[in-house]
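Undergrad: For reference, each letter of the sequence shown is one residue, going 215 to 552 in my numbering.
C-beta: ideal position from N, C-alpha, C; glycine also.
All values reported here derive from a predicted model rather than from experimental measurement.
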Amino acid sequence: MRFGFMLFTRDLHTVGDVAHLAEERGFELIGVADSPALTFDPYMALTLAARATHRARIGTAVTNPQTRHPLIIANLAASLETLAPGRSFLGLGTGWSGVRHAGTPEARLETLGATVRQVRGLLAGAAVEIGGATVTLPIGGRPVPILLAASGPKALRLAGAVADIALFNLGTVPELLTDALGWIGEGASAAGRTPDAIEPWLFIPAAIAPDRSAAIEEVKPATVSSGAYVLRGDLAAKRVPLDVRVRLGELFREYQFGEHLARGQSTNYRLAERLGLSEYLVERFSIAGTPDDCCRTIERLRAAGIANVCFNLGTVSDLAATLDLFGREVLPAFAGSR
Numbered sequence: 215m216r217f218g219f220m221l222f223t224r225d226l227h228t229v230g231d232v233a234h235l236a237e238e239r240g241f242e243l244i245g246v247a248d249s250p251a252l253t254f255d256p257y258m259a260l261t262l263a264a265r266a267t268h269r270a271r272i273g274t275a276v277t278n279p280q281t282r283h284p285l286i287i288a289n290l291a292a293s294l295e296t297l298a299p300g301r302s303f304l305g306l307g308t309g310w311s312g313v314r315h316a317g318t319p320e321a322r323l324e325t326l327g328a329t330v331r332q333v334r335g336l337l338a339g340a341a342v343e344i345g346g347a348t349v350t351l352p353i354g355g356r357p358v359p360i361l362l363a364a365s366g367p368k369a370l371r372l373a374g375a376v377a378d379i380a381l382f383n384l385g386t387v388p389e390l391l392t393d394a395l396g397w398i399g400e401g402a403s404a405a406g407r408t409p410d411a412i413e414p415w416l417f418i419p420a421a422i423a424p425d426r427s428a429a430i431e432e433v434k435p436a437t438v439s440s441g442a443y444v445l446r447g448d449l450a451a452k453r454v455p456l457d458v459r460v461r462l463g464e465l466f467r468e469y470q471f472g473e474h475l476a477r478g479q480s481t482n483y484r485l486a487e488r489l490g491l492s493e494y495l496v497e498r499f500s501i502a503g504t505p506d507d508c509c510r511t512i513e514r515l516r517a518a519g520i521a522n523v524c525f526n527l528g529t530v531s532d533l534a535a536t537l538d539l540f541g542r543e544v545l546p547a548f549a550g551s552r
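1. Please confirm whether residue 247 and residue 221 have their CB atoms less than 8 Å apart.
2. In whole angstroms, what separates the C-alpha of residue 412 from that of residue 400?
3. Give the straight-line distance between the Cα atoms of residue 502 and residue 421, rounded to the nearest whole angstrom.
4. Sorted by chain position, which residues of the same chain lie with C-beta nearer than 6 Å to residue 294's C-beta, five sequence neighbours on each side aside?
5. Just how far apart, CA to CA, sit residue 232 and residue 429?
6. Kindly indicate which three-state DSSP category residue 163 falls into: helix, strand or coil?
7. Could you tell me if the beta carbon of residue 303 falls within a distance shorter than 7 Å of some heavy atom in the ligand NAP?
8. Quick check: what's the CA-CA separation for residue 321 versus residue 332?
9. Between 547, 434, 253, 391, which has its C-alpha nearest residue 453's C-alpha?
10. Using DSSP's beta-bridge definition, name the partner residues of residue 310.
11. Buried or exposed for residue 470, please, with buried defined as at least 16 other CB atoms from any protein chain shown within 10 angstroms of its CB.
12. Buried or exposed: which applies to residue 437, given that a residue is buried once 16 or more other Cβ atoms fall within 10 Å of its Cβ?
13. What residue ranges within the region 356-435 form continuous beta strand (DSSP E) runs of no fewer than 3 residues, ordered along the chain?
14. I need the straight-line Cα distance from residue 472 to residue 371, nearest angstrom please.
15. Measure the beta-carbon distance from residue 440 to residue 383 and round it to whole angstroms, keeping in mind my assumption that it falls under 8 Å.
16. Can you tell me whether residue 292 is buried or exposed, with buried defined as 16 or more other CB within 10 angstroms of its CB?
17. I need the straight-line Cα distance from residue 510 to residue 540, nearest angstrom please.
18. Per DSSP, what are the beta-bridge partners of residue 343 in this structure?
19. Out of 458, 419, 398, 417, which has the shortest C-alpha to C-alpha gap to residue 409?
20. Secondary structure at residue 318, three-state DSSP: helix, strand or coil?
21. Which whole-angstrom value is the C-beta distance of residue 459 and residue 449, which I expect to be below 8 Å?
22. Please name the residue, chosen from 445, 264, 327, that lies closest to residue 465 on a Cα-to-Cα basis.
23. If we call anything under 8 Å between Cβ atoms a contact, is residue 405 one with residue 375?
24. Mind checking which residues open and close the beta strand (DSSP E) that includes residue 272?
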């Protein structure tokens, strides 16, 4: 199996050390969040990560076409590829906290698909029509793998059709993981591609500690975030129990974007507790507990067909210690297994 993590950049000064440690501990992919109201600029962080690593793949996880023009996205992708040749990627999504604070709606899937095509064209050196202007990118010329974040059937089919990497956050339900891999494959087949042309990566909140309760407490806010943005749309397709669906409406209405991935007992943490959703969200959306607990959960994911796991570590209190413990006590148990 392969492992990665998403960096929610709260401190630019530690990025290089964290990225270097992660690579040394066996993490193969480092994604950096693009949420301008809550984190530092992802490309500054990625520059620091590029300088501190030699093997790990690095890129946005994820940016969006609502707050960044396709030409800007392509330029940034070409720039990062120059710093980390052969190991950069471009992560795109419809936007979540990244667009809400900018007063912009999330991108439609049609817009996302068009952006992928425009960026690919620009990176290939082609002249591309964007908003009535014909645009070229002379500094391009190298392809960059495109990661698409997706958490529903339509978005995952789009990822299968146009992306190189599909990053999906649907939790640990085995049947739903099978569905997700199937949706990616359907999109690939419809586009005349083979399903194995796309790398599927499960994105999931994670926390680890010698004390299980401490890890569960750390991961709770991230699982609330997952529930707030993943459990929308077709709830039957996402296999949400009927008794949970009723309470989700209030979670959606009252979720505080200003505290997205806030650590500790935030407003969103307390909201999930009040609605009686915390236990369900932790069970569904996390790898958390002692090293043995985490190994058991990952083993179940592997049995469900998951080969690549990207941890959402946005709410852990000590990122370096978390990466170190996962790297020493968990990742070696799955080394070489695909």
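TA: Looking at the atomic coordinates:
1. yes
2. 12 Å
3. 5 Å
4. 260, 302
5. Looking at the two C-alpha atoms, the distance is approximately 20 Å.
6. Residue coverage of the chain in this structure runs from 215 to 552, which leaves residue 163 outside it and unanswerable.
7. As far as ligands go, the structure on display features none, and thus does not contain the ligand NAP.
8. 15 Å
9. 391
10. Bridge partners of residue 310: none, in fact.
11. exposed
12. Label assigned to residue 437: buried.
13. 360-364, 379-382, 413-422
14. 31 Å
15. 6 Å
16. buried
17. 13 Å
18. 348
19. 398
20. It is coil, neither helix nor strand.
21. 5 Å
22. 445
23. Yes, the Cβ-Cβ distance between residue 405 and residue 375 is below 8 Å.
24. 271-274
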